[in-house]
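Worksheet: the structure to be examined is printed underneath.
Residue numbers (my numbering), protein chains in the order written: chain S, 41 to 480; chain V, 41 to 480.
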């Protein structure tokens with residue numbers, strides 16, 4: 041994955057050994073920092089299929105004695121001290137510790153020493169990507185992060201290189217495998233969110249604390265990176281509105297099915313009149329859409345361009361081996377292109393941002409059944425100039441806790457939200473109304 | 041699309057002007073050769089969204105006066121003489137004339153002058169890719185061909201860069217939009233092949249002479265390119281067995297549906313025990329498969345790797361604008377990476393090839409109904425040690441021309457073909473048996 045904010049032709053610092061050898065004979069010394077699942081997979085690929093220009097020389101990890109593996113050659117040095125890596129002759133640091141602290145500081149220091157960095161760290165790139173790339177440029181090295189979004193799916197190189205000739209205006213995708221797994225389970229078994237989450241945790245598809253995944257924080261960091269590359273817009277993760285998948289219940293899939301849809305956690309962004317619309321939220325997607333067909337923990341990214349129309353990338357977005365493929369591909373890309381990559385010309389711009397997408401809407405009310413309630417809800421909607429498209433009520437639910445659904449014609453989300461504030465105050469509402477967009 | 045067999049760091053010939061400018065200020069002068077639909081789209085993208093490092097300076101086309109457009113700047117020189125382009129100061133030739141003659145000779149001459157070439161010509165690359173890349177390498181320029189397979193879908197860069205870190209063992213896809221359109225029409229309308237073809241021709245989805253598409257010649261050229269990049273195996277198009285989609289009828293979709301499948305023209309290749317299996321042919325694919333969901337003229341490529349599992353690329357595989365996106369992406373890639381791309385290390389190898397895939401099979405017999413015919417067919421199959429899985433016979437067909445279906449357990453295609461030679465000689469057969477693989 042030729043993914044970098046670009047470092048390029050600036051003079052190189054402190055790595056004079058290359059001057060002595062012909063370019064074809066350059067061997068890059070690689071240090072892996074962080075030896076969890078992905079780090080271990082990267083080491084395994086590099087030893088099972090050695091690349092003539094890549095040599096793993098160092099592993100830096102906590103608990104060296106516990107993590108040391110016997111299948112790596114004895115020339116690989118193990119350390120728990122990042123300063124040892126910095127002082128070594130490693131050319132490339134593979135950062136796989138994740139999170140912002142200490143990763144950000146370590147990557148800054150590595151780049152400032154002229155060591156290129158390959159990382160799978162979405163939070164790092166979403167928060168500090170442009171700053172780190174500028175440091176790389178100044179020090180004649182490179183920052184690559186093909187593994188930071190959608191793991192093994194080569195979407196970063198696809199957007200940055202393969203679709204560079206298009207004008208992309210829209211990006212949407214399923215970027216969090218945990219949410220997709222949980223929603224697939226709710227759909228298949230008619231389960232509640234809590235039961236599906238417990239199943240996912242048991243099978244290792246969700247963390248003990250699943251907040252980052254289910255609240256959308258993980259996906260919005262990835263979306264921020266895609267927005268920068270595809271829509272050339274600078275945005276930070278916390279500027280992207282997200283809503284959790286926790287209120288989704290089996291009943292919503294039953295109603296969605298009647299509407300020809302399923303429910304997915306959708307990350308999407310769109311450029312419209314120089315404003316960036318972006319959000320991460322559960323949404324109804326038609327069965328005929330590529331988004332609907334993403335099962336279990338797969339990832340998918342769909343890019344829409346002025347000239348090329350819709351292009352779709354999908355595959356395994358997480359897991360040690362797929363993520364390691366993206367890391368090793370970046371390492372090979374470093375070897376192939378060397379330092380001589382000129383900057384891309386489309387730098388990300390700041391733009392006004394909004395989450396106020398216009399779409400059809402799905403409202404699921406949970407009510408204590410009583411006469412006249414639909415009239416009251418309809419009155420509020422009408423007051424806000426919102427048109428009802430359909431009313432769906434399946435039989436068989438208890439009257440004290442009755443879910444029913446109203447779908448709305450296209451209107452801005454902010455209008456629906458204002459109306460829902462009034463509706464949620466009505467005394468027959470048992471819980472707040474679930475408001476989901478119905479995607480086109 | 042960073043697609044090249046690699047040219048790289050060899051000394052440059054005859055282009056001394058670049059020495060005088062700093063690398064950041066390099067502007068590449070681009071000549072478009074062939075001004076049909078794609079050429080026109082490339083020119084339009086370059087003028088609607090000018091790239092600071094690309095300048096269109098020349099268009100070479102037959103019938104200049106008829107094809108000249110008013111919206112290109114007057115500095116663009118028009119000619120119908122390729123020698124004028126060769127003698128000009130153009131740095132990059134965009135070859136869009138298609139076919140082998142005179143394209144191959146022209147591209148050879150351009151590369152030998154040190155001019156890089158970007159091409160959308162699948163036949164050229166499938167037949168002469170390695171030779172042309174070697175000429176580019178010797179003359180310090182590059183050959184890029186991201187548009188040669190699947191138009192706007194960035195599958196070449198995806199395989200060459202994004203998945204470089206994996207060990208790919210299998211590739212399959214829908215590479216011909218015309219066939220996919222025709223098959224989609226047969227499926228939707230229960231049509232015969234001939235009627236669907238006429239519809240496709242009327243709508244511009246099929247040529248007046250559709251042989252290249254329906255016989256599989258177009259798809260196998262693309263498959264040969266993918267095999268070289270993904271499976272590192274050197275193969276020529278005519279070494280890939282292909283069978284036409286012409287015998288497919290609406291009745292086959294009806295029977296396939298009963299088996300949970302639809303029918304697509306599938307291009308596939310697989311490395312197994314250092315042998316390459318490859319073919320282009322109509323096949324039954326399960327509705328649950330990504331291949332089944334490719335509608336109308338879209339393209340899709342699925343790559344399977346040891347570490348990353350299945351990765352899917354899909355989008356618009358043909359048409360002026362999508363193909364032009366791939367061409368312009370290659371031009372941008374040239375500007376970004378310049379000459380400084382070292383060769384990839386995985387050179388394509390010659391390997392023994394075969395089309396003798398093992399799979400389940402769908403046999404559709406067309407018979408004159410008479411007693412005992414199933415027994416006779418079963419006897420032949422049993423003699424060849426072939427197990428029958430199911431027999432399907434829908435009511436309502438005339439007895440003199442009765443289609444019925446037998447599905448077989450997994451066995452090599454060669455065994456089925458031998459048995460069919462005997463079956464086709466039985467006197468109640470009205471036409472040769474249709475034998476299609478059922479993909480897993």
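Where a beta carbon is used, it is the ideal one built from N, C-alpha and C, also for glycine.
Alpha-carbon spacing of residue i relative to residue j, whole angstroms
i                     : j                     : result
residue 108 (chain S) : residue 74 (chain S)  : 12 Å
residue 384 (chain S) : residue 376 (chain V) : Low per-residue confidence applies at residue 384 (chain S): pLDDT is 48, beneath 50, and the placement is therefore not dependable, though the value from the model is reported in the following sentence. Roughly 7 Å separates the two Cα atoms.
residue 345 (chain S) : residue 466 (chain S) : 44 Å
residue 255 (chain V) : residue 106 (chain V) : 33 Å
residue 212 (chain S) : residue 343 (chain S) : 7 Å
residue 325 (chain S) : residue 84 (chain S)  : 39 Å
residue 64 (chain S)  : residue 252 (chain S) : Only weak support is given to the placement of residue 64 (chain S): the predicted model assigns it a pLDDT of 47, under 50, and the value that follows is read from those uncertain coordinates. Each residue's alpha carbon lies about 44 Å from the other.
residue 366 (chain S) : residue 193 (chain S) : 8 Å
residue 199 (chain V) : residue 201 (chain S) : 12 Å
residue 334 (chain S) : residue 162 (chain S) : 21 Å
residue 395 (chain S) : residue 308 (chain S) : 10 Å
residue 488 (chain V) : residue 141 (chain V) : With chain V covering only 41 through 480, there is no way to say anything about residue 488 (chain V).
residue 313 (chain S) : residue 208 (chain S) : 14 Å
residue 406 (chain V) : residue 442 (chain V) : 5 Å
residue 27 (chain S)  : residue 331 (chain S) : Because residue 27 (chain S) is not part of the residues shown, which for chain S are 41 to 480, the question remains open.
residue 306 (chain S) : residue 279 (chain S) : 16 Å
Range covered by the beta strand (DSSP E) that runs through residue i
i                     : result
residue 323 (chain S) : 315 to 326
residue 339 (chain V) : 338 to 345
residue 446 (chain S) : 442 to 452
residue 426 (chain V) : Run containing residue 426 (chain V): none; DSSP gives neither H nor E here.
residue 118 (chain S) : 117 to 119
Beta-carbon proximity list for residue i, same chain, < 8 Å, skipping 5 on both sides
i                     : result
residue 97 (chain V)  : 69, 70, 71, 115, 116, 117, 128, 129 and 130
residue 401 (chain S) : 447, 448, 451, 453, 456, 475, 476, 477 and 478
residue 338 (chain V) : 214, 217, 220, 354, 355, 356 and 357
Under 7 Å between C-beta atoms of residue i and residue j
i                     : j                     : result
residue 316 (chain V) : residue 268 (chain V) : no
residue 150 (chain V) : residue 175 (chain V) : no
residue 363 (chain S) : residue 187 (chain S) : yes
residue 204 (chain S) : residue 196 (chain V) : no
residue 136 (chain S) : residue 217 (chain S) : no
residue 420 (chain V) : residue 461 (chain V) : no
residue 360 (chain V) : residue 81 (chain V)  : yes
residue 265 (chain S) : residue 189 (chain S) : yes
residue 246 (chain S) : residue 240 (chain S) : yes
Reference residue i; option with closest CA among the options
i                     : options                       : result
residue 471 (chain V) : V:440, V:160 and V:176        : V:440
residue 404 (chain V) : V:368, V:291, V:335 and V:372 : V:291
residue 179 (chain V) : V:219, V:196, V:148 and V:246 : V:148
residue 285 (chain S) : S:410, S:303 and S:270        : S:303
residue 170 (chain V) : V:79, V:389 and V:408         : V:389
residue 167 (chain S) : S:436, S:155 and S:139        : S:139
residue 410 (chain S) : S:422, S:469, S:66 and S:356  : S:469
residue 297 (chain V) : V:281, V:323 and V:273        : V:323
residue 480 (chain S) : S:428, S:393, S:458 and S:328 : S:328
residue 182 (chain V) : V:153, V:190 and V:425        : V:153
residue 113 (chain V) : V:87, V:125 and V:336         : V:87
residue 430 (chain S) : S:91, S:262, S:423 and S:414  : S:414
residue 101 (chain V) : V:77, V:94, V:418 and V:257   : V:77
residue 347 (chain S) : V:368, V:351 and V:164        : V:368
residue 437 (chain S) : S:234, S:145, S:408 and S:95  : S:408
residue 427 (chain V) : V:434, V:418 and V:435        : V:418
Residues near residue i by beta carbon distance below 6 Å, same chain, minus five either side
i                     : result
residue 103 (chain S) : none
residue 445 (chain S) : 295, 404 and 432
residue 159 (chain S) : 135 and 185
residue 260 (chain V) : 277, 280, 282 and 320
residue 62 (chain S)  : Model confidence at residue 62 (chain S) stands at a pLDDT of 36, short of 50, so the residue's coordinates are unreliable and nothing is read from them.
Own chain partners of residue i with C-beta closer than 7 Å, once the 5 adjacent residues on each side are dropped
i                     : result
residue 243 (chain V) : none
residue 416 (chain V) : 466
residue 271 (chain S) : 208, 211, 309, 311 and 316
residue 155 (chain S) : 130, 131, 132, 133 and 181
Element boundaries [alpha helix (DSSP H), containing residue i]
i                     : result
residue 373 (chain S) : 360 to 377
residue 165 (chain V) : 162 to 178
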